[in-house]
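A quick write-up on the structure given underneath.
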Amino acid sequence: MTINVWLKQVMKKQQKMNTHQLWEKMQQEEPTLAKKVKKQSGKSSPIAYLGRHILKPLSEEHWLTRDGKDWVICLPENHCAYCLRSVDDVYVIDANDHLYCGLDCLDDDEEADPIEDGYWDDYAMLVMDFEHYYPEAQRLLKTADFEDEEDRALARELYDDLDEYLGSGDFTTIYMNGGDDGPLAAEMYRMLMCLEEVHEQLLKTISKDFEKQT
Numbered sequence: 001m002t003i004n005v006w007l008k009q010v011m012k013k014q015q016k017m018n019t020h021q022l023w024e025k026m027q028q029e030e031p032t033l034a035k036k037v038k039k040q041s042g043k044s045s046p047i048a049y050l051g052r053h054i055l056k057p058l059s060e061e062h063w064l065t066r067d068g069k070d071w072v073i074c075l076p077e078n079h080c081a082y083c084l085r086s087v088d089d090v091y092v093i094d095a096n097d098h099l100y101c102g103l104d105c106l107d108d109d110e111e112a113d114p115i116e117d118g119y120w121d122d123y124a125m126l127v128m129d130f131e132h133y134y135p136e137a138q139r140l141l142k143t144a145d146f147e148d149e150e151d152r153a154l155a156r157e158l159y160d161d162l163d164e165y166l167g168s169g170d171f172t173t174i175y176m177n178g179g180d181d182g183p184l185a186a187e188m189y190r191m192l193m194c195l196e197e198v199h200e201q202l203l204k205t206i207s208k209d210f211e212k213q214t
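If you use UniProt numbering, the sequence shown corresponds to residues 1 to 214, in order.
Structure follows, in structure tokens:
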């Protein structure tokens, strides 16, 4: 376990602690991590090092804030139940409706309760593909310069990839039931609809580009 992971798990349970309390708890529960902090702190005190070089950077992830001498957990509405980072459209769920920013966090969280149904393998595969396609499509649609030949080529390539992926027939059952077959089916349908949306937007962009060229 890393220092950051331990701190996140402790703060998730305790909600509010000062640096001294966290240092004492680390010494008691994770002496190996405490030894590492002490070594990294060098000539400064481990408590000062913990606050300045570990906790302060963690506060920039927006789940931790300062209230006087105390560190206070301040979770965004949609956050990963394990690493506490904010999540957007790319996430994984468990049986308790907890969100995770990816399959790795779900696997690493000992308190997670994975959903076990017949869709799991297809769901996990779709999550990995969604993590690949969706952010890249959003990035292109928001920031690409479609007057630039390279960006246009990237858009066409991604459109073709999505066209083949969505038309593969692998998700016929989900399309037919509209995701109305349990939580994993619902999540698969949500991701497919997100991909369909950016697929259509890429087509419009490509079509406009084609019209300009002709």
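Using N, Cα and C, we set each Cβ at its ideal position, and we do this for glycine too. This structure is a prediction, so every number in the text was calculated from the model and none was measured.
Classified as buried, glycine 51 has 16 or more neighbouring CB atoms from the shown chains inside 10 Å of its CB. Nearest C-alpha to glutamate 147 among Ile206, Lys39, Asp94: Ile206.
In this structure, tryptophan 63 lies away from threonine 19, with their beta-carbon atoms at least 8 Å apart. Annotation: asparagine 96 is outside any beta strand (DSSP E) and is labelled neither H nor E by DSSP. Taking 8 Å as the cut-off, the Cβ atoms of aspartate 145 and aspartate 151 count as close. Relative to the Cα of glycine 102, the nearest Cα in the group Asp113, Glu116, Val87, Ile115 belongs to Val87. Beta-bridge pairing by DSSP links leucine 64 to Ile73.
Shown here, serine 59 sits in a helix according to DSSP, grouped into three states.
DSSP places asparagine 177 in the helix class (H, G or I) of the three-state scheme. A straight-line Cα-Cα distance of about 42 Å links glutamine 138 and threonine 32. The stretch 162 to 172 makes contact with the stretch 188 to 195; the number of CB pairs closer than 8 Å reaches 3 or more. Taking a contact as a CB-CB distance under 8 Å, the pair lysine 38 and proline 46 counts as one, their CB atoms being some 5 Å apart. A direct Cα-to-Cα measurement between valine 92 and glutamate 77 gives close to 15 Å. The residues Asp89, Val90, Cys194, Leu195, Val198, in chain order, have a CB closer than 7 Å to that of tyrosine 134 in the same chain once the five nearest residues on each side in sequence are set aside. Beta-bridge analysis with DSSP links methionine 17 to Trp71.
Cα atoms of glutamine 15 and serine 59: separation of roughly 14 Å, rounded to the nearest angstrom. Going by C-alpha positions, lysine 204 is about 55 Å away from methionine 26. Counting of Cβ neighbours within 10 angstroms places tryptophan 23 among the buried residues, the total reaching 16 or more. Around the Cβ of histidine 79, a 10 Å sphere holds 16 or more other Cβ atoms; the residue is buried. When beta bridges are read from the DSSP output, serine 45 appears opposite no residue.
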